Amino acid sequence: MFRKMSVAVAATMMLAGAAHADPIEGSWKTEAGSTAAIASCGGSFCITLKDGKHAGKKIGTFNADGDSAYSGKITDPANDKTYTGKASLAGSNLKMKGCVLGGLICKTQNWSKL
């Protein structure tokens, strides 16, 4: 009986942990066609490219700012320049924005959840 209860408790805890994953976590298709994985890392969310020319490269770190809004740093893998980043989540779409010069010059991309 104790073994059955232990298995039930472990299964419940695993399901509860999955239910509490942040919606930004997962795999995303970038505008360039690559797959980017966003995962929890040390209290933040790290973005790593999973395929393409820059596979395995970490390109960003974001923190949650509240209701589907995130901020941090994003790196262009083609030139290794790092920008101030913002992200906003709406359903299965993630709007990524990188800016320089205090937000005067920005570039936006829309990523879709896989």
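Take the sequence shown: its letters are residues -21 to -1, 1 to 93, numbered as in mature numbering (1 follows the signal peptide of the UniProt record, and there is no 0). Ideal Cβ placement from N, Cα and C applies to all residues, glycine included. Please read all numbers here as calculations on a predicted model, not as lab measurements.
- Boundaries of the beta strand (DSSP E) around N89: 84 to 92.
- Pairing D44 with M75, the inter-Cα distance amounts to about 14 Å.
- As the crow flies, the alpha-carbon of N89 is around 6 Å from that of L73.
- Taken through DSSP and simplified to helix, strand or coil, G77 comes out as strand.
- CA-CA distance, Y62 to C78, rounds to 5 Å.
- G51 places its beta carbon 8 Å or farther from that of G35.
- With contacts defined by Cβ atoms closer than 8 Å, A15 and K29 form a contacting pair.
- Counting only residues of its own chain and dropping the five nearest sequence neighbours on each side, A(-1) has no CB closer than 6 Å to any other CB.
- Under the DSSP assignment, I3 falls outside any beta strand (DSSP E); it carries neither an H nor an E label.
- According to DSSP, N72 shares a beta bridge with A69, S91.
- For G45, the enclosing beta strand (DSSP E) has its first and last residue at 37 to 45.
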